[in-house]
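Shown next, in C-alpha cells, is the structure this report addresses.
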Amino acid sequence: MYHLGLCYENKIGTEYNANKAFESYKEAAEKGHIASMYHLGLCYENKIGTEYNANKAFESYKEAAEEGHIVSMYRLGIFYENRIGTECNGDTTFESYEAAAEVDHIDSMYHLGFCYQHGIGTKKDEVKAFQLYNAAAEVGHIDSMYHLGIFYENGIGTECNVDKAFELYKAAAEKGHFDSMCYLGIYYVSGECNANEAFKSYNTAAEVGHIDSNSEIYEAFESNKEADEEKGHDWWSRSINSFQ
C-alpha cells in the first residue's frame, strides 16, 4: 500500500490522485508501516487528499519517530518548537533534533545548533552551536552558512575571523540567502569599499522585499557615482513605506 501511495502521489504509472495516495498511506500506517506514518503526517500537514489537521500530523510524525524514522524526528522537533498540533516544549524540541542530528540529518544539525545558541531545551552552549553550524555548513546548508558567518564575525563560540565571515556570507548569498546578501552588501560598503558589488548584493535582496536591504541600498548608490540615483531614491522610499 505504501508504494501504491507513492505512485498516486508522484504520478508513477498512473495519474495523480491525492485522495488515493492518502488512503493508501493511511491503510499502510494503520498496519504499522513506518514510512507510511511519515507520509500520512505530510498529507495531514500539507492537505494532500485530506483536510489540514495539525494534531493528526503531529501524531503521525510522533508514531514514526518513536519507531526510529529520522525525518519524522526532525518534523516532530519543528512541531514542538512552533506549537503545531501540540504545546511548545523546549525539552522535546531539543531531544527530537538531537536524535536526528546524531544520524547526520543536516536540517536537524542546524536546528540543534539553534537550540544550543539560544538555550532551547538545553543549557546555552555557543561552542556546540558553532560546531553544529559548521558541520551543516560544510555540506552546503545555507542557513548554517549564514549563522556561521555571524559567529565568525562576532567571535561567538570561536575566534573572530571577518575573512571567514565574509566568505560564508558570500557563499550563502550566491545560493540565494537574502540576509546574507544584505550582510555582504554591508561588507562591500564598509570593508572592501566596492560600491558596485554592494549595490548588486543589496539590490538582489531588496527586490524580494528584504527591509534591511531597502534601507541600506541608498548608501550604496551614494557611494557609487555611476549608479542610477532615481533607483536609489525609489528603494529608499520602499524602505520607509514598509514600516507604515
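Residues 1 to 244 (the UniProt record's numbering) make up the sequence shown, in order. Just so you know, even glycine gets a beta-carbon here, dropped at the ideal spot from N, CA and C. Model, not experiment: these values are computed from the prediction.
Original post:
Taking three-plus beta-carbon pairs below 8 Å as touching, is the region 60-72 in contact with the region 88-104?
Top reply: Segments in contact, yes.
Original post:
Would a C-beta distance cut-off of 8 Å place residue 121 and residue 94 closer than the cut-off?
Top reply: Yes, they are a contact pair.
**OP:** Counting only the same chain and skipping the five closest in sequence on each side, list residues whose C-beta sits under 7 Å from that of residue 50.
**Re:** Once the five neighbours on either side are set aside, the close Cβ partners of residue 50 are 22, 43 and 44.
Subject >> Enclosing alpha helix (DSSP H) for residue 92 [first to last residue] >> reply: Segment 90-101, the alpha helix (DSSP H) holding residue 92.
Original post:
Between 144, 91, 104 and 185, which lies nearest to residue 114 when the distance is taken from Cα to Cα?
Top reply: Closest option to residue 114, judged by alpha-carbon separation, among 144, 91, 104 and 185: 144.
Original post:
Do residue 54 and residue 84 come within 8 Å of each other at the CB atom, strictly closer than that value?
Top reply: In this structure, residue 84 places its C-beta atom within 8 Å of the C-beta atom of residue 54.
**OP:** Out of 56, 129 and 103, state which residue places its alpha-carbon closest to the alpha-carbon of residue 70.
**Re:** When 56, 129 and 103 are compared, the shortest CA-CA separation from residue 70 is found for 103.
Subject >> Alpha-carbon to alpha-carbon, residue 72 and residue 48 >> reply: Linking residue 48 to residue 72 through their CA atoms gives a straight-line distance of about 17 Å.
Original post:
What do you get for residue 31, buried or exposed, if any count of 16 or more other CB atoms within 10 angstroms of its CB means buried?
Top reply: Looking at its Cβ environment, which holds fewer than 16 other Cβ atoms inside 10 Å, residue 31 is exposed.
Subject >> Local conformation of residue 125 per DSSP, three classes >> reply: Here residue 125 sits in coil by DSSP.
**OP:** Have a look at residue 107 and residue 61 and give me their C-alpha separation to the nearest angstrom.
**Re:** About 16 Å.
Original post:
What is the rounded straight-line gap between the Cα of residue 134 and the Cα of residue 164?
Top reply: Roughly 12 Å between the two C-alpha positions.
Original post:
If you draw a straight line from the C-alpha of residue 111 to the C-alpha of residue 28, how long is it?
Top reply: Distance between the alpha carbons of residue 111 and residue 28 is about 30 Å.
Original post:
For residue 156, which residues from the same chain have a beta carbon less than 6 Å from its beta carbon, with the 5 sequence-adjacent residues on both sides left out?
Top reply: Around residue 156, the same chain offers 126 as residues with beta carbons nearer than 6 Å, after the five sequence neighbours per side are excluded.
**OP:** Return the Cβ separation of residue 77 and residue 39 in integer angstroms, given the expectation that the two are a contact with Cβ distance under 8 Å.
**Re:** That belief does not hold up - the Cβ atoms of residue 77 and residue 39 are roughly 18 Å apart, past 8 Å.
Subject >> Anticipated Cβ contact below 8 Å, residue 172 with residue 146, distance rounded >> reply: Going by Cβ atoms, the distance from residue 172 to residue 146 rounds to 5 Å, so yes, they are a contact pair.
Original post:
Buried or exposed: residue 160, going by 16 or more other Cβ atoms within 10 Å of its Cβ?
Top reply: Burial is judged here by how many other beta carbons sit within 10 angstroms of a residue's own beta carbon; residue 160 has fewer than 16 and is exposed.
Subject >> Start-to-end residues for the alpha helix (DSSP H) that takes in residue 52 >> reply: Careful: residue 52 lies outside any alpha helix (DSSP H) and carries neither H nor E.
Original post:
Secondary structure at residue 120, three-state DSSP: helix, strand or coil?
Top reply: In this structure, residue 120 counts as coil in the three-state DSSP scheme.
**OP:** Grab me the residues of residue 18's own chain with a C-beta within less than 6 Å of its C-beta, minus the 5 sequence neighbours each way, in chain order.
**Re:** Contacts found: 48 and 49.
Original post:
Who are the Cβ neighbours of residue 175 in its own chain at under 7 Å, not counting the five residues just before and after it?
Top reply: Around residue 175: 142.
Original post:
Under 8 Å, do residue 80 and residue 92 count as touching if we go by C-beta distance?
Top reply: At the C-beta level, residue 80 and residue 92 come within 8 Å of one another.
**OP:** Return the residue from the list 3, 87 and 184 that minimises the CA-CA distance to residue 167.
**Re:** Of the listed residues, the one whose Cα sits closest to residue 167 is 184.
Original post:
What runs of the alpha helix (DSSP H), each 4 residues or longer, lie entirely inside the region 152-193?
Top reply: Correct list: 162-174 and 178-187.
**OP:** Please list, in chain order, all residues of the same chain as residue 158 whose beta carbon is under 7 Å from its beta carbon, the five residues on each side excluded.
**Re:** Here residue 158 has 130, 151 and 152 as same chain residues with Cβ atoms under 7 Å from its own Cβ, once five neighbours each way along the sequence are excluded.
Original post:
Which class does residue 238 belong to by DSSP, given the choice of helix, strand or coil?
Top reply: Unreliable placement is indicated for residue 238, whose pLDDT of 42 sits below 50; the coordinate value is still reported in the next sentence. For residue 238, the three-state secondary structure derived from DSSP is helix.
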